Amino acid sequence: MPFTRTEEQKEQRKINYKNRTEEQKQRDREYTKTQREKNKDNIKLTQKNYHDSHKEERKEYNKKNREHITEYHRQYIQTDLGKKINRIGNWKNSGVISDNYDELYELYINCSNCENCGVNFEEKNCDNRKCLDHSHTTGVFRNILCARCNKKRGEGNL
Ligand SMILES: [Zn+2]
């Protein structure tokens, strides 16, 4: 006979969970962390097995829901978070290395003028688009520039 809880017991557990003291919460977090660390390889393996054994299902699901997924993605990248994740992803792809992408993004979105020529950024004007200038040798972020200045710097003329 498997162990089952009554509805009442389940409710009580929820209440207990909610009423934990900060100290208990901290201890629980620590415990989860250690357990995860201990079982790291196992967890990875389980995830991999799950991933592998559901390949066909996933393919099938994606095929069936392609329109829905595309639409969802289209809407998602228009949200603030979507834009942010998309932008940071592009930076990483183009070789920008940072230990704080969040901070870099904050800097980026709050910057309204080219740090070299002072022009006002305009998304619709190709030359005045906002660019994140970074060193192609180290990946380190240097400036926020308009496309025109960024191009000049790329050519070594700035
Ligand atoms: Zn400029």
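So for the sequence shown, the working numbering puts the first residue at 346; every next one is plus one. All residues carry an ideal CB built from backbone N, CA and C; glycine is no exception. Fair warning: this is a prediction, and the values are worked out from it, not measured in the lab.
Any heavy atom of ligand 1 within less than 6 Å of a residue's beta carbon puts that residue on the list, which reads Cys459, Asn461, Cys462, Val464, Leu490, Cys491, Arg493 and Cys494.
Under the rule that a run must span 4 or more residues, the alpha helix (DSSP H) segments found entirely inside the region 360-434 read 367-383, 385-398, 400-409 and 411-421. Listed as beta-bridge partners of Asp444 by DSSP are no residues whatsoever. Residue pairing by DSSP puts Ile489 in a beta bridge opposite Leu477.
Straight-line measurement puts the Cα of Tyr406 at about 15 Å from the Cα of Glu416. Taking 8 Å as the cut-off, the beta carbon of His396 is found no closer than this to the beta carbon of Val441. Sorting Cys471, Glu467, Asn470 and Tyr450 by C-alpha distance to the C-alpha of Asn488 places Tyr450 at the top. Arg493 counts as buried, since no fewer than 16 other beta carbons sit within 10 angstroms of its beta carbon.
Ser439 is the residue among Lys383, Ser457 and Ser439 whose C-alpha sits nearest the C-alpha of Phe486. Residue environment for Asn495: buried (at least 16 other C-beta atoms within 10 angstroms of its C-beta).
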